[in-house]
Amino acid sequence: MKNITVFCGSSFGTEEIFREQAELLGKTLAKQNIGLVYGGANVGLMGAVADGALSENGTVIGVLPNFLRSKEIAHLGLTELIVVESMHERKTKMNDLCDGVIALPGGFGTLEELFEMLTWAQLGLHKKPIAILNTNGFYDSLIELTETMVEKGLLKDVNQKMLLVSDNVPDLLEKMRNYMPPTVGKWIDKDKV
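All you need for the numbering used here is the position in the sequence shown, starting with 1, plus 672.
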């Protein structure tokens with residue numbers, strides 16, 4: 673994995689461990705010579721993961737929509753800041769630049785980004801590992817919901833298993849390295865999209 677995209681909150685949340693783990697993830701990526709691709713902001717967990725990587729001389733690419741740049745939240749110390757016109761263009765660019773995805777704690781935006789990447793994988797549009805760093809059980813309820821989707825016949829078990837989960841950064845990265853995408857297709861062929 674050359675680059676990993678990280679989706680996470682633009683605030684710190686209520687638990688200090690969220691910030692600590694975001695910073696640790698950034699540092700670990702840099703130490704393992706894996707570039708960080710993220711949303712380009714200097715605030716919240718987004719800023720923490722970037723600062724962690726930068727503190728270890730890592731490569732950090734931010735992808736920021738122009739309308740957020742004008743709110744003066746752009747991180748000014750990045751290796752590269754790519755400014756795009758829309759949120760959709762941002763996600764597309766982040767996908768193009770990465771070899772895998774990790775979600776840290778976050779809100780609606782983080783969930784939307786995570787689920788779009790999962791949906792694209794389910795449809796066969798990419799074969800990248802998609803992971804959750806489940807810091808302090810933040811995503812326990814979401815993981816339980818995906819299990820319910822399988823139990824109720826709305827999600828294939830093979831697709832639920834695409835979501836890699838750990839509360840430990842090195843373990844999560846190892847799971848991503850060893851990831852084998854499902855061979856079962858959805859309904860469409862990537863070449864026909």
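Note that the Cβ used here is the ideal one computed from N, Cα and C, for glycine as well.
Own chain partners of Leu827 with C-beta closer than 7 Å, once the 5 adjacent residues on each side are dropped
One-based indexing of the sequence shown puts residue 827 at position 155. So the list reads Thr818, Met821, once near-sequence residues are dropped.
Give the DSSP-derived three-state secondary structure of Val773 in the structure shown.
In the sequence shown, residue 773 corresponds to position 101, counting from 1. Three-state DSSP puts Val773 in a strand.
Thinking C-alpha only, which one of Ser758, Ala793, Leu753, Gly809 is nearest Asp771?
To locate residue 771, count along the sequence shown from 1; it is residue 99. The option with the nearest alpha carbon to Asp771 is Ala793.
Which of helix, strand or coil does DSSP assign to Asn831?
If you number the sequence shown from 1, residue 831 lands on position 159. If DSSP states are grouped into helix, strand and coil, Asn831 belongs with the helices.
Gly796, DSSP secondary structure in three states
Position 124 of the sequence shown, counted from the start, is the residue given in the question as residue 796. In the structure shown, Gly796 sits in coil (DSSP, three-state: anything other than H, G, I, E or B).
Rounded C-alpha distance that separates Ala694 from Glu788
Stepping through the sequence shown from its first residue, residue 694 is reached at position 22. Stepping through the sequence shown from its first residue, residue 788 is reached at position 116. C-alpha separation (whole angstroms): 21 Å.
Any 3 or more C-beta pairs closer than 8 Å across the stretch 673-686 and the stretch 713-730
yes
Ends of the beta strand (DSSP E) at Ile733?
For this step, residue 733 is matched to residue 61 along the sequence shown. Ile733 -> beta strand (DSSP E) spans 732-737.
When you compare only the Cα positions, how much space is there between Thr751 and Gln704?
Residue mapping note: residue 751 aligns to position 79 of the sequence shown, counting from 1. Residue mapping note: residue 704 aligns to position 32 of the sequence shown, counting from 1. Each residue's alpha carbon lies about 17 Å from the other.
Thinking C-beta only, is Gly724 closer than 8 Å to Gly698?
Counting from one through the sequence shown, the residue named residue 698 turns up at place 26. Counting from one through the sequence shown, the residue named residue 724 turns up at place 52. Cβ atoms of Gly698 and Gly724: closer than 8 Å.
Please check if any C-beta of chain C sits within less than 8 Å of the C-beta of His798.
Looking at the structure shown, chain C is missing, and only one protein chain is on hand.
Report the rounded CA-to-CA distance for Ile860 versus Leu795, giving the unit in angstroms.
For this step, residue 860 is matched to residue 188 along the sequence shown. For this step, residue 795 is matched to residue 123 along the sequence shown. The predicted position of Ile860 is uncertain, since its pLDDT is 49 and thus under 50; no value can be drawn from it.
His747, buried or exposed, once every other Cβ within 10 Å from all chains shown has been counted against 16:
Position 75 of the sequence shown, counted from the start, is the residue given in the question as residue 747. The residue in question, His747, is buried, as its Cβ has 16 or more Cβ neighbours within 10 Å.
Can the beta-carbon of Leu844 be found less than 8 Å from the beta-carbon of Leu836?
Mapped onto the sequence shown, residue 844 falls at position 172. Mapped onto the sequence shown, residue 836 falls at position 164. Yes.
Neighbourhood of Asp839 by C-beta, 8 Å cutoff - its chain only, sequence neighbours within 5 removed:
Within the sequence shown, residue 839 is the residue found at index 167, counting from 1. The answer, listed in chain order, is Leu805, Asn806, Thr807, Asn808, Gly809.
Continuous beta strand (DSSP E) stretch holding Gly707: start and end
Position 35 of the sequence shown holds residue 707. 707-710 is the span of the beta strand (DSSP E), which, as asked, contains Gly707.
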